[in-house]
Amino acid sequence: MRRMLMTSAVMAICGAGVGWAAGCQDMAAQAPAGVLLTAQDTQVDGVDVCQLHGTMAQRTGQDGRAYALRFELNLPRDWNGNYVHQFNGGNDGEVKPATGALKAGTGGQSPLARGYAVVSSDAGHAGDMAPDMGLAGGAVFGFDFEARQMYGYKAVAVLDPVARDLVQGYYGADIARSYGIGCSNGGRHAMVAASRMPAAFDGLLAGAPGYRLPKAALQHALDVQQFHAITGDLATAYTPQDLTAVGDAILAACDGLDGLEDGLIQDSAACQAQFDPATLADVLQPHQAQALRNVMRGTQSDGAPYYSDWAWDNGIAGSNWRMWKLQSPIPPWDHKPIIAVMGAASLAQVFTVPPTKVVGEPAALEDYLLRFDLATQAGQVEASSDIYPESPMQVMSPPGSEDPHLQAFRDAGGKMILFHGVADPVFSALDTQAYAQKLLANTDGDSAQMLRYYPVPGMTHCSGGPGLDKFDLFTALEHWVEDGTAPQAVIATARPDNDETPASLANAARPLCPQPLVARYIGGNPDDGASFSCVE
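Quick note, the sequence shown lines up with residues 0 to 535 if you use numbering that gives the first Met the number 0.
Okay, structure coming up:
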């Protein structure tokens, strides 16, 4: 069992801890010092819970705005003795329902439905605090350095011991096992916890972890500049048919590398060597092909990527890839893609020093990225100042992530599973793969005792795409933590609400294999996961 990590700063906010067993309605009156609580009996995800809403760490920021850390803690009536800290995505700024569920990664049953106590927070700022800033308001917290720190790493460290106190106080019993779960920015939170809070969690599940988020935001500028130059309009740079043709070309080169042509590229590593980007000229106009090659290489020239290179996968034809990079279905954004709106505001106001105040209108946000000079401004993600004494990369990235060892996490017995859609348009699966490979090399292979990395073919950002994205890595993590059974193949099937899974795969099962293993067809019914084996 992991004991609570109670820093002196947290103790000053919350007192020495809670020592009571209470009913739900009693919890509000028993709140730790500095924490405001409301409590109600309700039902969430089909589970009877005592639901707590809390506010703590209230302050006025250096920007004059009011800040606080808000959270939801769901305490199920039928508690299994365990605890999940749910790490949320995007810019945070919203207390999402505390269930611990991921669209892909936790199967069909949330941790809350399994009996876990689950906490979720807004990471110390409200996304709607600045309506006067329009579409840039969700990133206005970047003008306050402490809000940046809370978003980057402090919110989890401050909230976690308080949530544990409340769980143990309500049930009158110690927490047996503790887990952290998240995807995207939430996956980054999980990796940060492994580095900064190595003894806090028995198990961490990190999907599509944007662990170098400020550098990933530089890719937004590269994408917008390259794609906008094609037609002067991101939405028309590539038609859906263009990207389908690209996906088909990748499939034609790579689908059979795993022994079966079935619409899934299981051997992604071999595909990167096999697929020749020059063949894009066969399905795209020359300027379209060159722009896409530049974007996938992560650079405007033959130099090192600003962030990372990207994997070729047929998931590039998925609607999620288009929504992030080319065109969204959101009318108030003038249908501009996510990177050109949310991404632009975040790069300008959160991930650079000094930050730049931007007009919260779609055209102005896109224009910020078009004018962003990567040659001279990319270094702002690693810059600091008297007002911002830690750079955006220092605030957001796990310490030591460029040369990872995770010695303290390993010594504490922690286990972490990473997974990433190979076709993710936001954070590169190759970047996550590089982290896992560096860790393996740095630990002489011992990282296998604490880390597994699962690439998911066809999947885009956290879920979706033309693949099989219903799988349960959380159960695999539970078994690894609780009985020492290291995860191997995990079966993926079609998720019912993913309408991009090909009809030919509707009844299929495929093993997801931890790298460096690859799922290969060994004969038999192609729909049966047992017809595949994880091999080197």
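Quick reminder that beta carbons are idealized off the backbone N, C-alpha and C, glycines included. This one's a predicted model, so the numbers in the text were calculated from it and none came from an experiment.
In angstroms with no decimal places, state the Cα-to-Cα distance between residue i and residue j.
i, j, result
"I521", "G107", "28 Å"
"E71", "G258", "47 Å"
"A290", "T474", "41 Å"
"V157", "S503", "48 Å"
"G114", "S194", "28 Å"
"D366", "M295", "22 Å"
"N506", "L373", "46 Å"
"F350", "D526", "45 Å"
"W512", "C23", "The residue you asked about is not Trp; residue 512 is Cys in the sequence shown. Their Cα atoms are separated by approximately 43 Å."
"L405", "P197", "8 Å"
"M322", "E481", "39 Å"
"P515", "V421", "14 Å"
"T278", "S109", "43 Å"
"S390", "G181", "24 Å"
Can you tell me where the alpha helix (DSSP H) holding residue i begins and where it ends?
i, result
"I249", "239-253"
"Y169", "154-170"
"V480", "472-482"
"E401", "Where E401 is concerned, there is no enclosing alpha helix (DSSP H), given that its DSSP letter is neither H nor E."
"A433", "428-441"
"T235", "233-236"
"D366", "361-370"
"V294", "285-296"
Quick one: what's residue i bridged to in DSSP?
i, result
"I180", "Q85, L204"
"M449", "According to DSSP, which records beta bridges pairwise, M449 is partnered with nothing at all."
"P510", "I490"
"Y66", "R58"
"D40", "C49"
"Y520", "F531"
"I416", "L204, R451"
"G104", "D471"
"N73", "Q50, V117"
"L35", "T54"
Can we count residue i as close to the ligand GDP, meaning its CB is less than 7 Å from some heavy atom?
i, result
"G106", "You won't find the ligand GDP in this model; it holds no ligand whatsoever."
Should residue i go down as buried or exposed, given a rule of 16 or more other Cβ atoms within 10 Å for buried?
i, result
"I249", "buried"
"H188", "buried"
"N319", "buried"
"L35", "exposed"
"D423", "buried"
"E401", "exposed"
"Q487", "exposed"
"S300", "exposed"
"M191", "Correcting the residue identity first, residue 191 is Val in this sequence and not Met. V191 is buried by the Cβ-count criterion."
Terminal residues of the continuous beta strand (DSSP E) containing residue i?
i, result
"V531", "The sequence shown places Phe at residue 531, rather than the Val named in the question. Here the beta strand (DSSP E) through F531 covers 531-534."
"V118", "116-120"
Cβ contact check for the region 297-307 and the region 236-252: 3 or more pairs under 8 Å = no
May I ask you to verify whether the region 165-172 touches the region 134-150, counting CB pairs closer than 8 Å and requiring at least 3?
-> no
contact_flag[the region 443-450, the region 82-95] where n(CB pairs < 8 Å) is 3 or more = no
Kindly confirm or deny that the region 97-107 and the region 55-65 touch, where touching means at least three C-beta pairs closer than 8 Å.
-> No: the two stretches stay apart, fewer than three of their Cβ pairs being nearer than 8 Å.
Are three or more beta carbon pairs between the region 317-333 and the region 230-237 nearer than 8 Å?
-> yes
May I ask you to verify whether the region 173-180 touches the region 128-142, counting CB pairs closer than 8 Å and requiring at least 3?
-> no
How about the region 219-226 and the region 331-348: do they share at least three Cβ pairs that are nearer than 8 Å?
-> The region 219-226, when compared against the region 331-348, does touch it at the 8 Å Cβ threshold.
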